[in-house]
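The listed protein sequences correspond, in order, to chains A and B. Throughout the first sequence, residue numbering follows the numbering used here, covering 413 to 730 in sequence. Throughout the second sequence, residue numbering follows the numbering used here, covering 413 to 730 in sequence. By construction, the Cβ of each residue, glycine as well, lies at the ideal position given by its N, Cα and C atoms. Only a predicted model underlies this, so the values are computations on that prediction, with no experimental measurement involved.
There are 2 protein chains.
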Amino acid sequence: MSESALPTIDDIRQAHERIAGVVHRTPVLRCRTLDAMTGFELHIKCEQLQRVGAFKYRGASNVVLGMSDEDASRGVCTHSSGNHAQALALAARERGVPAWIVMPTSAPSVKRAAVEGYGATVVECEPTLEARETTAAQVVADTGALFVHPYDDARIIAGQGTAALELLEDAGELDAIITPVGGGGLLAGTCIAASAVHSGIRLIGAEPDGADDAARSLQAGSLIPQTGPNTICDGLLTSLGQLNWAVLRSHLETIVTVSDAQVIDAMRLLWSRAKTVVEPSGATPLAAAISPGCPLERGARIGLILSGGNVDLDRLPW
Amino acid sequence: MSESALPTIDDIRQAHERIAGVVHRTPVLRCRTLDAMTGFELHIKCEQLQRVGAFKYRGASNVVLGMSDEDASRGVCTHSSGNHAQALALAARERGVPAWIVMPTSAPSVKRAAVEGYGATVVECEPTLEARETTAAQVVADTGALFVHPYDDARIIAGQGTAALELLEDAGELDAIITPVGGGGLLAGTCIAASAVHSGIRLIGAEPDGADDAARSLQAGSLIPQTGPNTICDGLLTSLGQLNWAVLRSHLETIVTVSDAQVIDAMRLLWSRAKTVVEPSGATPLAAAISPGCPLERGARIGLILSGGNVDLDRLPW
Chain A
413 MSESALPTID
423 DIRQAHERIA
433 GVVHRTPVLR
443 CRTLDAMTGF
453 ELHIKCEQLQ
463 RVGAFKYRGA
473 SNVVLGMSDE
483 DASRGVCTHS
493 SGNHAQALAL
503 AARERGVPAW
513 IVMPTSAPSV
523 KRAAVEGYGA
533 TVVECEPTLE
543 ARETTAAQVV
553 ADTGALFVHP
563 YDDARIIAGQ
573 GTAALELLED
583 AGELDAIITP
593 VGGGGLLAGT
603 CIAASAVHSG
613 IRLIGAEPDG
623 ADDAARSLQA
633 GSLIPQTGPN
643 TICDGLLTSL
653 GQLNWAVLRS
663 HLETIVTVSD
673 AQVIDAMRLL
683 WSRAKTVVEP
693 SGATPLAAAI
703 SPGCPLERGA
713 RIGLILSGGN
723 VDLDRLPW
Chain B
413 MSESALPTID
423 DIRQAHERIA
433 GVVHRTPVLR
443 CRTLDAMTGF
453 ELHIKCEQLQ
463 RVGAFKYRGA
473 SNVVLGMSDE
483 DASRGVCTHS
493 SGNHAQALAL
503 AARERGVPAW
513 IVMPTSAPSV
523 KRAAVEGYGA
533 TVVECEPTLE
543 ARETTAAQVV
553 ADTGALFVHP
563 YDDARIIAGQ
573 GTAALELLED
583 AGELDAIITP
593 VGGGGLLAGT
603 CIAASAVHSG
613 IRLIGAEPDG
623 ADDAARSLQA
633 GSLIPQTGPN
643 TICDGLLTSL
653 GQLNWAVLRS
663 HLETIVTVSD
673 AQVIDAMRLL
683 WSRAKTVVEP
693 SGATPLAAAI
703 SPGCPLERGA
713 RIGLILSGGN
723 VDLDRLPW
């Protein structure tokens with residue numbers, strides 16, 4: 413599989429075998445109280461319990477474990493200050509190869525420390541997208557490391573699709589799956605996996621209304637980049653990837669947009685009722701399910717993929 | 413089994429069969445990060461994921477489901493504003509029998525609403541222990557309901573012991589189990605269950621140093637009641653029960669006392685690393701495990717029973 417062709421269900425199944433030894437098979441949570449409150453039968457895939465606290469470890473592991481020994485020996489590189497940075501750092505450490513993570517000087521020291529804790533080398537740059545890309549390109553030129561894009565890469569998409577594969581194995585047939593959409597890797601992987609396993613399953617994205625490029629793209633029929641995002645969902649600020657867009661436009665029923673207030677309500681429900689810690693981005697699928705804009709009928713069996721649980725307990729949004 | 417004889421392992425096994433249809437078999441969580449940080453192999457029994465958010469539902473269900481039809485038809489009664497109140501209310505509703513819960517006028521309205529949400533009748537009283545006992549006695553006299561003590565009752569202890577039974581089934585042989593100790597129902601049930609399944613297993617209580625009657629009782633060799641407790645562990649304020657004391661004195665290796673600061677640290681570790689919401693009382697076993705006062709050696713396989721997860725997200729202790 414190249415990084416630029418769309419992945420298939422076979423790629424996702426191969427990814428699942430490849431990463432089985434290093435990723436957690438995260439549980440699918442049921443919660444009577446949330447079912448009673450929402451009127452749905454919710455099957456909650458807990459990627460906040462994944463290693464590094466986010467689904468990102470699936471895709472990163474798939475890339476790193478899929479490299480030839482020679483390529484892998486030169487290491488990997490990305491620019492990110494989010495969950496992908498930690499995921500790639502840990503995936504590289506698990507294979508015993510070097511990782512360079514380009515981070516803006518403005519990144520919180522706790523995020524830098526987390527990446528360094530996984531043994532990666534942090535390379536600082538100015539806090540602009542241009543500086544990040546230039547710096548990463550320089551690292552790649554200097555080291556021969558493989559640049560690993562956080563979402564617009566078929567191997568990443570295939571890795572992220574393994575979460576939906578497990579969800580459907582554990583929950584059985586579902587009427588719909590809702591996942592967050594930022595760059596679109598998780599949602600695209602989910603679309604390919606779920607539609608192959610259960611044709612006719614309804615596929616829905618959950619997106620903050622302050623970063624709704626995917627919803628606007630779907631409505632316009634063409635990819636519209638995100639500019640000036642404004643939402644507490646710090647994992648969903650980015651623009652939809654090209655590959656992901658190609659998948660979403662052909663598989664997705666709709667995107668439900670949610671306000672930050674709806675996200676905070678959903679976060680509190682998950683913390684207080686399901687006793688599980690999710691980050692704002694991770695709460696968007698529940699927020700979408702209970703939003704008036706959700707097209708699903710009462711009683712529907714819905715899979716929610718909670719994307720991550722990395723929050724600063726000293727800066728909670730309530 | 414009467415309510416005043418000590419329960420046996422057979423009573424606990426019977427309780428387990430009796431309540432199997434209504435309680436959740438809660439998961440036993442593993443967390444590499446916590447293992448690496450503590451040097452132990454931790455097997456974390458998640459009673460915060462039990463119905464009503466606490467282990468209390470086990471004992472309450474065992475009492476309610478063990479009653480004759482005639483006794484059950486007259487209902488149950490207790491005085492509590494904590495997790496036992498919700499647990500008994502739900503257990504009664506599941507059997508379709510009435511429940512009267514005596515609560516002080518000072519109880520938070522959210523706790524009253526939770527109990528009423530489970531269909532129980534709340535009977536108000538002045539906020540003194542005497543008023544609570546008198547009011548409950550009056551309810552029992554008026555209705556013929558069975559009074560269900562929150563912890564000093566063999567049927568309650570047998571029900572609480574089912575959590576340790578499940579933990580040992582799922583985790584296999586353990587070197588030690590640590591549970592919180594307040595009234596002592598969970599710890600006494602754990603002692604009876606665990607020592608019967610694995611003779612020689614080390615049994616340890618975790619108690620806040622601001623409500624350390626169990627630790628002082630163990631040291632003195634006689635039951636010392638708790639007066640003037642002062643701790644954020646609101647589930648552990650009460651005095652050790654007579655029956656529980658009889659079990660603990662013969663089974664327990666030690667009680668590790670922990671400060672509120674240690675409890676808060678452990679709570680934050682569980683929230684941020686294991687992504688699971690526990691209340692202060694529920695975090696005491698981890699606080700005890702990582703306390704300098706813990707007698708267990710590095711590498712020990714330790715079962716921690718997290719007792720509950722009912723916290724007010726607007727009043728977090730950090």
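>> Can you confirm whether residue 457 (chain B), when its beta carbon is compared against all beta carbons of chain A, has any partner nearer than 7 angstroms?
In response: At a cut-off of 7 angstroms between C-beta atoms, residue 457 (chain B) does not count as an interface residue with respect to chain A.
>> So residue 726 (chain B) contacts chain C; which residues on that side make the cut at Cβ distance below 9 angstroms?
In response: This model lacks chain C altogether, as its protein chains are A and B.
>> I'd like the list of long-range same chain contacts for residue 629 (chain B), defined as Cβ closer than 7 angstroms, with 5 residues on each side in sequence excluded.
In response: Here the set comprises 635, 636, 652 and 657.
> What in chain A is Cβ-close to residue 439 (chain B), meaning under 7 angstroms?
Replying inline: Ordered by position in chain A, the residues that pass the 7 angstroms Cβ test against residue 439 (chain B) are 439.
>> Taking a contact to mean a Cβ-Cβ separation below 7 angstroms, would you say residue 589 (chain B) touches residue 606 (chain B) in this structure?
In response: The Cβ-Cβ distance between residue 589 (chain B) and residue 606 (chain B) falls below 7 angstroms.
> Quick one: which chain A residues come within Cβ less than 7 angstroms of residue 683 (chain B)?
Replying inline: Going along chain A in sequence order, the residues near residue 683 (chain B) (Cβ under 7 angstroms) are 689 and 725.
> So, using beta-carbon positions, are residue 599 (chain B) and residue 571 (chain B) closer together than 7 angstroms?
Replying inline: No, Cβ-Cβ distance for residue 599 (chain B) and residue 571 (chain B) is not below 7 angstroms.
>> Between which residues of its own chain and residue 667 (chain B) is the CB-CB distance below 8 angstroms, once the five residues before and five after are set aside?
In response: The residues are 593, 616, 617, 618, 619, 624, 626, 627 and 630.
> Near residue 514 (chain B), what residues of its chain come up, given a Cβ to Cβ distance below 6 angstroms and the 5 sequence neighbours on each side ignored?
Replying inline: Within the same chain, residue 514 (chain B) has close Cβ partners 491, 535, 537, 544, 547 and 548.
> If residue 558 (chain B) sits next to residue 483 (chain B), beta carbons under 8 angstroms apart, how far is it from one beta carbon to the other, in whole angstroms?
Replying inline: Under the criterion of beta carbons closer than 8 angstroms, residue 558 (chain B) and residue 483 (chain B) qualify as touching, at roughly 6 angstroms.
> Looking at the C-beta of residue 433 (chain A), does it have a partner C-beta in chain B at a distance below 7 angstroms?
Replying inline: Residue 433 (chain A) does not count as touching chain B.
> Among residues of its own chain, excluding the 5 on either side of residue 633 (chain B), which ones have a beta-carbon nearer than 8 angstroms to its beta-carbon?
Replying inline: The residues 661, in chain order, have a CB closer than 8 angstroms to that of residue 633 (chain B) in the same chain once the five nearest residues on each side in sequence are set aside.
> Under 7 angstroms, do residue 699 (chain B) and residue 682 (chain B) count as touching if we go by C-beta distance?
Replying inline: Remark: C-beta atoms of residue 699 (chain B) and residue 682 (chain B) do not approach each other more closely than 7 angstroms.
> Closest Cβ-Cβ distance between residue 461 (chain A) and chain B: below 7 angstroms?
Replying inline: True, the Cβ-Cβ gap to chain B drops below 7 angstroms.
> Is the region 497 to 505 of chain A touching the region 519 to 535 of chain A in the sense that three or more CB pairs, one from each, lie closer than 8 angstroms?
Replying inline: Yes: the two stretches touch, three or more of their Cβ pairs being nearer than 8 angstroms.
>> I'd like the span of the alpha helix (DSSP H) that includes residue 692 (chain B), first residue to last.
In response: Here the alpha helix (DSSP H) through residue 692 (chain B) covers 692 to 701.
> In the DSSP assignment, what are the bridge partners of residue 559 (chain A)?
Replying inline: In the DSSP output, where bridge partners are listed per residue, residue 559 (chain A) has A:489.
> What in chain B is Cβ-close to residue 680 (chain A), meaning under 8 angstroms?
Replying inline: Going along chain B in sequence order, the residues near residue 680 (chain A) (Cβ under 8 angstroms) are 725.
> Taking all protein chains shown into account, do 16 or more other C-beta atoms lie within 10 angstroms of the C-beta of residue 650 (chain A), making it buried, or fewer, making it exposed?
Replying inline: It is buried - the Cβ of residue 650 (chain A) has at least 16 other Cβ atoms within 10 Å.
> Where does the unbroken beta strand (DSSP E) through residue 708 (chain B) begin, and where does it stop?
Replying inline: Membership of residue 708 (chain B) in any beta strand (DSSP E) is not indicated, and neither H nor E is assigned to it by DSSP.
> Using a Cβ-Cβ cut-off of 7 angstroms (strictly less than) and excluding sequence neighbours within five positions of residue 674 (chain B), which residues of its own chain qualify?
Replying inline: Same-chain partners within the cutoff: 699 and 703.
>> Once the 5 residues before and after residue 710 (chain B) are set aside, which same chain residues still bring their CB inside 8 angstroms of it?
In response: So the list reads 451 and 452, once near-sequence residues are dropped.
>> Under 7 angstroms, Cβ to Cβ, is there at least one residue of chain A near residue 529 (chain B)?
In response: Not an interface residue.
> Considering only residues of the same chain and omitting the five flanking positions on each side of residue 430 (chain A), which have a CB-CB separation below 7 angstroms?
Replying inline: 474, 477 and 478.
> So, is residue 639 (chain B) buried or exposed, given that buried needs 16 or more other C-beta atoms within 10 angstroms?
Replying inline: With fewer than 16 other Cβ atoms within 10 Å, it is exposed.
> Would residue 713 (chain A) pass as a contact of residue 579 (chain A) if the rule is Cβ separation under 7 angstroms?
Replying inline: Their beta carbons are not under 7 angstroms apart, which means residue 713 (chain A) does not touch residue 579 (chain A) by this criterion.
>> Runs of 4 residues minimum, wholly inside the region 588 to 654 of chain B: which ones carry the alpha helix (DSSP H) assignment?
In response: Fully enclosed alpha helix (DSSP H) runs of 4 or longer: 597 to 609 and 625 to 632.
> Taking the beta strand (DSSP E) that residue 405 (chain B) falls in, what are its first and last residues?
Replying inline: Residue 405 (chain B) cannot be examined here, being either before or after the span of chain B that is shown, 413 to 730.
>> Rounding to the nearest angstrom, what Cα-Cα distance links residue 687 (chain A) and residue 440 (chain B) in this structure?
In response: Distance between the alpha carbons of residue 687 (chain A) and residue 440 (chain B): 14 angstroms.
> Would a check of beta-carbon distances place residue 617 (chain B) closer than 7 angstroms to chain A?
Replying inline: Taking CB atoms only, residue 617 (chain B) has no neighbour in chain A less than 7 angstroms away.
> Cα-Cα, which of B:729, B:721, B:725 and B:730 is closest to residue 468 (chain B)?
Replying inline: Of the listed residues, the one whose Cα sits closest to residue 468 (chain B) is B:721.
> Thinking just about the alpha-carbon of each residue, which of B:715, B:645, B:421 and B:461 is nearest to the one in residue 728 (chain B)?
Replying inline: Nearest of B:715, B:645, B:421 and B:461 to residue 728 (chain B), Cα basis: B:645.
>> By the three-class DSSP mapping on this structure, what secondary structure does residue 552 (chain B) have?
In response: Judged by DSSP in its simplified three-state form, residue 552 (chain B) adopts helix.
>> Looking at chain A, is there any beta carbon in it that lies within less than 7 angstroms of the beta carbon of residue 584 (chain B)?
In response: Not closer than 7 angstroms to any Cβ of chain A, the Cβ of residue 584 (chain B) fails to qualify, so no.
>> For a quick check, are the C-beta atoms of residue 603 (chain B) and residue 551 (chain B) less than 7 angstroms apart?
In response: Cβ atoms of residue 603 (chain B) and residue 551 (chain B): not closer than 7 angstroms.
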